[in-house]
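First residue of the sequence shown? That's 49 in our numbering, and the numbers climb one at a time after it. Built from N, CA and C at the ideal position, the CB exists for glycine as well. As the structure is a computational prediction, the values presented were derived from the model and not from experiment. Have a look at the structure below before the remarks.
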Amino acid sequence: MTDTSKRPRVAVVGSGYWGKNLVRNLHELGALEAVCDLNEDRLRAMQAEHGPSLRAETSYTDLLADDSIDAVVLATPAVTHQQMASQALEAGKDVLVEKPLATSIDGGEQLVELAAAKEQILMVGHLLWYHPAIIELKRLVDDGTLGRIRYIYSNRLNFGKVRTEENILWSFAPHDISVILGILGEMPTHVHAEGGTFLSPDVADVTVSTLGFPGGARAHIFVSWLHPFKEQRLVVIGEDKMAAFEDGPDGGTLDLYAHSIDWSGAGPHANKKHAERVEVPAYEPLRAEIEHFLDCVTTRNRPRTDGAEGLRVLRVLSQCQDSLQRNG
49 MTDTSKRPRV AVVGSGYWGK NLVRNLHELG ALEAVCDLNE DRLRAMQAEH
99 GPSLRAETSY TDLLADDSID AVVLATPAVT HQQMASQALE AGKDVLVEKP
149 LATSIDGGEQ LVELAAAKEQ ILMVGHLLWY HPAIIELKRL VDDGTLGRIR
199 YIYSNRLNFG KVRTEENILW SFAPHDISVI LGILGEMPTH VHAEGGTFLS
249 PDVADVTVST LGFPGGARAH IFVSWLHPFK EQRLVVIGED KMAAFEDGPD
299 GGTLDLYAHS IDWSGAGPHA NKKHAERVEV PAYEPLRAEI EHFLDCVTTR
349 NRPRTDGAEG LRVLRVLSQC QDSLQRNG
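Printed below as a string of structure tokens:
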């Protein structure tokens with residue numbers, strides 16, 4: 049879409065840590081109609097940054113009653129996602145909801161069914177699928193460059209951003225689960241999760257989840273907000289090559305390793321190769337995600353990370369949570 053006059057009119061609900069980034073991108077794309085937040089100080093800050101003419105709302109009900117708004121983007125706490133997305137769909141609005149889709153499988157299923165019944169767009173903010181390096185990694189897997197996938201691991205670690213309304217599994221792991229499911233193209237046959245609760249009662253601060261898949265691949269996801277430094281890394285081990293994606297403020301890196309094992313002689317010998325840097329385009333994944341949402345609202349095409357994809361991630365999250373509560 050190049051004609052901004054025909055772009056959907058979108059409202060962002062929630063203008064906190066992540067919501068302000070959504071506001072910025074929609075404003076720059078000429079699609080921002082309003083910002084809704086109960087915190088009036090935040091609303092004033094948005095108007096100071098993007099202009100006093102920016103519409104500020106404290107009433108979500110009034111926002112949904114406005115026919116000039118085509119879609120809403122929800123950047124609210126996870127526990128509110130199901131109810132607020134449902135209200136928006138009922139009001140005839142298309143919805144982009146930040147991860148996770150909901151906090152229960154039943155809630156996620158209800159949203160997917162409602163969106164289908166109302167013929168509304170339902171998209172989930174699984175941001176990594178709009179990252180150029182992940183898109184290229186998926187292409188390399190699909191075209192057989194890595195060979196048969198044996199193992200995937202992801203580390204999403206940081207210090208801070210501690211939450212009390214959801215644990216680290218629900219806060220950090222959805223992105224990685226989404227990518228692992230998409231790379232392998234199948235759901236796990238079993239999961240195992242363990243973790244530690246150190247800061248708030250019943251809220252895990254560190255978890256390790258292991259997934260087994262019907263094709264023989266395995267994966268593990270290590271997430272923590274009690275880590276001395278930030279690390280966002282995804283490693284894919286194939287029979288022919290290995291790939292390592294490391295995210296970062298400069299767009300991150302994607303490297304290929306053609307390591308091999310020599311089985312001749314007295315025993316297996318590791319042949320290490322230098323990393324081969326994969327060149328990928330440089331652009332902001334969030335901008336690409338929002339542009340994709342706007343395109344879907346206009347064309348009525350199914351989003352890359354639609355409600356069904358969000359529901360698959362939600363099922364694995366719920367299974368990991370069940371395992372976590374039973375100490376694995």
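Secondary structure at residue i, three-state DSSP: helix, strand or coil?
i, result
"I169", "coil"
"P333", "helix"
"F246", "coil"
"I285", "strand"
"Y178", "helix"
"V189", "helix"
"H275", "strand"
"H317", "strand"
Please report the distance separating the alpha-carbon of residue i from that of residue j.
i, j, result
"E255", "D114", "Strictly speaking, residue 255 in this sequence is Thr, with Glu absent from that position. Taking the straight line joining both Cα atoms gives about 42 Å."
"Y201", "T245", "22 Å"
"I169", "S312", "56 Å"
"R374", "S272", "19 Å"
"P351", "H322", "37 Å"
"G195", "P276", "35 Å"
"V284", "L91", "42 Å"
"E213", "G64", "15 Å"
"A306", "D288", "7 Å"
"I309", "N319", "6 Å"
"E88", "A136", "22 Å"
Given residue i, which residues of its chain have a CB within under 8 Å of its CB, disregarding the five upstream and five downstream residues?
i, result
"L102", "H75, L80, A82, V83, M94 and Q95"
"S107", "C84"
Please return the same chain residues whose Cβ sits closer than 6 Å to the Cβ of residue i, not counting the five positions on each side in sequence.
i, result
"A181", "F293, G300, L302 and V328"
"V364", "I225"
"L282", "S202 and F293"
Count the other C-beta atoms from every protein chain shown that fall within 10 angstroms of the C-beta of residue i, then say buried if there are 16 or more, exposed otherwise.
i, result
"G376", "exposed"
"R55", "buried"
"Q130", "buried"
"K278", "exposed"
"R204", "buried"
"L185", "buried"
"M235", "exposed"
"N349", "exposed"
"Y331", "exposed"
"F207", "exposed"
"E97", "exposed"
From the DSSP output, which residues share a beta bridge with residue i?
i, result
"T258", "H240 and H268"
"T301", "E294"
Checking contacts by CB at 7 Å: is residue i closer than that to chain B?
i, result
"V283", "Judged by its chain identifiers, the structure shown contains no chain B, having just a single protein chain."
Residues in the same chain with beta-carbon distance under 7 Å from residue i, minus the five sequence neighbours each way, listed in chain order, please.
i, result
"L362", "P148, L149, A150, I153 and G156"
"F261", "L232, E234, P236 and T237"
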